[in-house]
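Number of protein chains: 2
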Amino acid sequence: MKEHESDTLSKTNRINLLFDFYEPLLTEKQRTFLKYYFLDDFTLGEIAAESGISRQAVYEHIKRAEQVLESYESKLGLLAKHELLMRHAEELTLTVKRLTLPQEREKQLLAGIERLRDRTND
Amino acid sequence: MKEHESDTLSKTNRINLLFDFYEPLLTEKQRTFLKYYFLDDFTLGEIAAESGISRQAVYEHIKRAEQVLESYESKLGLLAKHELLMRHAEELTLTVKRLTLPQEREKQLLAGIERLRDRTND
Chain F
36 MKEHESDTLS KTNRINLLFD FYEPLLTEKQ RTFLKYYFLD DFTLGEIAAE SGISRQAVYE
96 HIKRAEQVLE SYESKLGLLA KHELLMRHAE ELTLTVKRLT LPQEREKQLL AGIERLRDRT
156 ND
Chain R
36 MKEHESDTLS KTNRINLLFD FYEPLLTEKQ RTFLKYYFLD DFTLGEIAAE SGISRQAVYE
96 HIKRAEQVLE SYESKLGLLA KHELLMRHAE ELTLTVKRLT LPQEREKQLL AGIERLRDRT
156 ND
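For the record, the sequence lines run as chains F and R. Residue numbering for the first sequence is 36 to 157, as defined by my numbering. Residue numbering for the second sequence is 36 to 157, as defined by my numbering.
What follows is the structure in structure tokens.
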């Protein structure tokens with residue numbers, strides 16, 4: 036994979052993650068354009084045709100919506116905190132496994148860690 | 036303690052917690068009035084005198100700022116998620132203690148749980 040493609044992928048990935056965290060704070064318009072472009076993978080031209088506005092206008096809507104997501108992240112840091120939580124949960128999982136406890140007890144602890152990771156799904 | 040006083044305290048407590056989570060999203064004005072009233076415990080009259088606006092206007096600023104906090108909570112649920120995380124961490128701590136592991140291993144696990152709880156301070 037070329038460096039450029041890898042950059043694009045990691046940017047798409049980041050926008051998708053930020054979208055997951057901050058979607059409820061976006062306007063309907065911001066939500067729609069980001070979805071078209073980053074989730075559905077439409078081109079600017081396709082979105083322009085679909086929305087009846089110029090390719091340039093679509094581009095600006097998307098740029099602006101990205102900035103809104105990054106601005107929320109710089110204020111609340113939910114993605115950064117989530118990544119830290121996942122790292123600490125992973126470390127704790129390794130610590131538990133290194134203890135080589137009786138299977139039932141290990142299972143109990145790992146289930147407890149799983150609940151900490153998945154708290155957003157409760 | 037009278038029921039009314041207990042209600043007021045638990046409301047103050049809730050607003051203070053929401054303020055901790057959503058302060059970065061507030062305007063300067065919202066932040067200032069909430070701080071005066073809920074953190075510094077000034078009366079409406081004192082804030083009015085300090086700000087050079089009417090008691091009624093202060094009251095409306097505070098009401099509005101409370102609604103903004105509750106609106107963010109209804110969208111992002113950070114306080115609810117935090118409380119769930121704390122509850123799961125507490126349960127996991129109890130599970131670890133019930134295992135009666137050698138002291139060094141128990142300490143290691145509890146430190147790992149502590150990191151999960153305190154992730155916002157990293």
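C-beta: ideal position from N, C-alpha, C; glycine also.
Beta-carbon neighbours of residue i, restricted to chain R and to distances below 7 Å
i: arginine 66 of chain F; result: Ordered by position in chain R, no residue passes the 7 Å Cβ test against arginine 66 of chain F, which lies about 13 Å from the chain.
Chain F within 7 Å of residue i, Cβ atoms only
i: arginine 150 of chain R; result: yes
Residue i at chain R interface by Cβ criterion, 7 Å
i: glycine 80 of chain F; result: no
i: glycine 87 of chain F; result: no
i: asparagine 156 of chain F; result: With a pLDDT of 45 at asparagine 156 of chain F, under the threshold of 50, the modelled position of that residue is not reliable, and the figure given next carries that caveat. For asparagine 156 of chain F, the answer is no, since every Cβ of chain R falls outside 7 Å of its Cβ.
Under 9 Å from the C-beta of residue i: neighbouring residues of chain F
i: leucine 60 of chain R; result: Leu60, Tyr107, Lys110, Leu111
Cβ separation of residue i and residue j, assumed to be a contact under 8 Å, to the nearest whole Å
i: leucine 60 of chain R; j: alanine 100 of chain R; result: With 8 Å as the limit, leucine 60 of chain R and alanine 100 of chain R do not qualify as a contact, their Cβ atoms being about 11 Å apart.
i: leucine 151 of chain F; j: threonine 128 of chain F; result: Actually they do not touch by this definition, with Cβ atoms about 10 Å apart.
i: phenylalanine 73 of chain R; j: isoleucine 50 of chain R; result: 5 Å
i: glutamate 114 of chain F; j: leucine 52 of chain F; result: Reading off the sequence shown, one finds leucine at residue 114 of chain F, where the question assumed glutamate. Right, the Cβ-Cβ distance comes to about 5 Å (below 8 Å), so this counts as a contact.
i: leucine 104 of chain F; j: phenylalanine 54 of chain F; result: 7 Å
Whole-angstrom distance between residue j and residue i, CA atom to CA atom
i: arginine 149 of chain F; j: glutamate 126 of chain F; result: Looking at the sequence shown, residue 149 of chain F is not arginine but glutamate. Approximately 12 Å, taken between the alpha carbons.
i: alanine 92 of chain R; j: glutamate 85 of chain R; result: 13 Å
i: aspartate 157 of chain R; j: lysine 110 of chain F; result: Unreliable placement is indicated for aspartate 157 of chain R, whose pLDDT of 40 sits below 50; the coordinate value is still reported in the next sentence. If you take the alpha carbons of aspartate 157 of chain R and lysine 110 of chain F, they lie about 16 Å apart.
i: glutamate 58 of chain F; j: arginine 66 of chain F; result: 7 Å
i: valine 131 of chain R; j: glutamate 141 of chain R; result: 7 Å
i: lysine 98 of chain R; j: aspartate 42 of chain F; result: 46 Å
i: alanine 83 of chain F; j: aspartate 76 of chain R; result: 53 Å
i: lysine 70 of chain F; j: phenylalanine 56 of chain F; result: 14 Å
i: arginine 122 of chain F; j: lysine 46 of chain F; result: 21 Å
i: tyrosine 94 of chain R; j: glycine 87 of chain R; result: 13 Å
i: lysine 116 of chain R; j: histidine 117 of chain F; result: 12 Å
i: glutamate 139 of chain F; j: arginine 133 of chain R; result: 13 Å
i: glycine 80 of chain F; j: tyrosine 107 of chain F; result: 28 Å
i: glycine 147 of chain F; j: glycine 147 of chain R; result: 13 Å
i: serine 89 of chain R; j: glutamate 63 of chain R; result: 19 Å
i: leucine 44 of chain R; j: threonine 78 of chain R; result: 15 Å
Proximity test, residue i beta-carbon vs the ligand MG heavy atom, cut-off 6 Å
i: aspartate 75 of chain R; result: Among the components of this structure there are no ligands whatsoever, and the ligand MG is therefore not found.
Taking a Cβ distance cut-off of 8 Å, strictly less, list which residues of the stretch 119–143 of chain F are near chain R, in chain order. Leu119, Leu120, His123, Ala124, Glu126, Leu127, Thr130, Val131, Leu134, Leu136, Arg140, Gln143
Residues of the stretch 93–111 of chain F with a CB closer than 7 Å to any CB of chain R: list them in chain order, please. Lys110, Leu111
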